[in-house]
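A.B. asks: In our numbering, the protein residues as written are 625 to 868. From the three backbone atoms N, C-alpha and C, an ideal C-beta is built for every residue, glycine too. Quick caveat, the model's predicted, so the values are computed rather than measured. Before anything else, here's the structure in question.
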C-alpha cells in the first residue's frame with residue numbers, strides 16, 4: 625500500500641543550499657524572465673499579450689521548455705533520472721483512472737470556491753477570466769489546448785514533482801513543500817483574479833497530494849490535463865451557445 629511521505633529527512637547544509645538554489649531555478653522565475661524578455665524589449669505588456677493568442681501560446685511553450693530543460697539538467701547533475709520524479713509507466717491503468725477520478729472533484733472544488741467568494745467576499749468575485757476571453761477563434765482554442773496540456777498538465781506537474789522531492793529530501797519535508805508551492809502556484813494564477821488564484825492553489829494542493837500518494841507523475845498529469853482541456857472546451861461551447 626502506497627503512503628504519503630511528508631516526513632523530514634536529514635540533510636547536510638551544502639545539500640540544503642544546493643536544493644534551495646535548484647528550487648529557485650525551477651520555480652519559474654528564470655524561465656518566465658527569459659521567455660518574456662524578447663516581447664518586453666519590443667514594448668509589449670501582459671495586457672497586449674492577451675490580444676495575440678499565438679504569441680501567448682509560444683511564450684507559454686518556450687517557458688515550459690526552459691523549465692523542463694532546467695529540471696533535466698539538475699537531475700543530471702545529481703545523477704538522477706526522470707524515474708526519480710515518478711515518471712514511469714508502472715501501474716499505468718490504475719494511475720490514469722485515479723487521475724480521471726480526480727477531475728470531477730476539481731470541478732466541484734471550483735464551484736465551491738466560486739460560491740464561497742461570491743457569498744462572503746463579493747468584492748473579489750468575477751465571472752471573467754482574461755485567459756479564457758483571449759480565445760476568439762477555433763484556431764485560438766486549438767493553440768490553447770496544446771499549451772494547456774504541454775505547459776500545464778505536463779510541465780507544471782514535472783515542476784511540482786521536482787520541487788516537492790527537493791523539499792522532501794533536503795528542505796524540511798514534502799509537507800512544507802506542498803504548502804509553500806501550492807500557495808505559490810495559486811499566486812502565479814492571480815492574472816485570473818483572486819477567485820482563480822484561490823482555486824489554483826487548491827488544485828495545486830490536490831495535485832501534490834495525488835503525486836505524493838502515488839509516487840508517480842501519471843495520475844496528476846492526467847488530472848491536470850483533462851481538467852484544463854475540459855474547462856477550455858466547456859467555456860468555448862458554452863460561450864457559443866450563450867452568444868447565439
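For residue 664, which three-state DSSP category applies?
C.D. replies: Three-state result, residue 664: helix.
A.B. asks: Classify residue 672 as helix, strand or coil using the three-state DSSP reduction.
C.D. replies: Helix.
A.B. asks: Assuming residue 825 and residue 810 make a contact with CB atoms under 8 Å, what is their CB distance in whole Å?
C.D. replies: Correct: roughly 2 Å between the Cβ atoms.
A.B. asks: Can residue 857 and residue 769 be called in contact, C-beta distance under 9 Å?
C.D. replies: Against a cut-off of 9 Å, the Cβ pair of residue 769 and residue 857 comes out as a contact.
A.B. asks: Helix, strand or coil: which one does DSSP assign to residue 806?
C.D. replies: Helix, per DSSP.
A.B. asks: Return the CA-CA distance between residue 738 and residue 855, expressed in angstroms with no decimal places.
C.D. replies: If I take the Cα positions, the gap works out to 15 Å.
A.B. asks: For my contact list, residue 681 and residue 767 are in at a C-beta cut-off of 8 Å; report their separation, rounded to the angstrom.
C.D. replies: Indeed, because the Cβ distance is near 4 Å, the residues count as touching under 8 Å.
A.B. asks: For residue 635, collect the residues of the same chain with a Cβ closer than 6 Å to its Cβ; drop the 5 residues on either side in sequence, then sort them by chain order.
C.D. replies: The answer, listed in chain order, is 794.
A.B. asks: Between which residues of its own chain and residue 674 is the CB-CB distance below 7 Å, once the five residues before and five after are set aside?
C.D. replies: Taken in chain order, the residues that qualify are 680, 754 and 758.
A.B. asks: Would residue 688 pass as an interface residue toward chain C - the criterion being a Cβ-Cβ separation below 9 Å?
C.D. replies: Going by chain labels, chain C is absent from the structure shown, which holds only one protein chain.
A.B. asks: Comparing alpha-carbon positions, which option in 704, 750 and 834 lies nearest residue 790?
C.D. replies: It is 704.
A.B. asks: Spatial neighbours of residue 821 within its chain, please: C-beta separation below 7 Å, excluding the five flanking residues on both sides.
C.D. replies: Within the same chain, residue 821 has close Cβ partners 810, 811, 813 and 814.
A.B. asks: Determine the direct distance from the alpha carbon of residue 762 to that of residue 696, and round the result to whole angstroms.
C.D. replies: Cα to Cα, the separation comes out at about 34 Å.
A.B. asks: Closest to residue 799 by C-alpha separation, out of 714, 829, 715 and 756, would be which residue?
C.D. replies: Nearest option by C-alpha distance: 829.
A.B. asks: Report the three-state DSSP secondary structure of residue 687 (helix, strand or coil).
C.D. replies: In the structure shown, residue 687 sits in a helix (DSSP, three-state: H, G or I).
A.B. asks: Only counting the same chain, and skipping five residues up and downstream in sequence, which positions put a Cβ closer than 7 Å to that of residue 785?
C.D. replies: Closer than 7 Å at Cβ, skipping near neighbours: 709, 710, 835 and 841.
A.B. asks: Among 648, 777 and 760, whose alpha-carbon lies nearest the alpha-carbon of residue 698?
C.D. replies: Nearest option by C-alpha distance: 648.
A.B. asks: Do residue 748 and residue 817 have their CB atoms nearer than 9 Å?
C.D. replies: For residue 748 and residue 817, yes; Cβs fall inside 9 Å.
A.B. asks: Exposed or buried, which one is residue 862 when buried takes at least 16 other CB atoms within 10 Å?
C.D. replies: Answer is exposed; the Cβ neighbour count stays below 16.
A.B. asks: Mapping the DSSP letters down to three states, classify residue 856 as helix, strand or coil.
C.D. replies: If DSSP states are grouped into helix, strand and coil, residue 856 belongs with the helices.
A.B. asks: Where does residue 806 land, buried or exposed, given buried means 16+ other C-beta within 10 angstroms?
C.D. replies: Per the 10 Å Cβ criterion, buried.
A.B. asks: Can you say whether residue 694 is buried or exposed, counting buried as having 16 or more other CB atoms within 10 angstroms of its CB?
C.D. replies: With 16 or more Cβ atoms within 10 Å of its Cβ, residue 694 is classed as buried.
A.B. asks: From the DSSP output, in three-state form, read off residue 681 for me.
C.D. replies: Correct three-state label for residue 681: helix.
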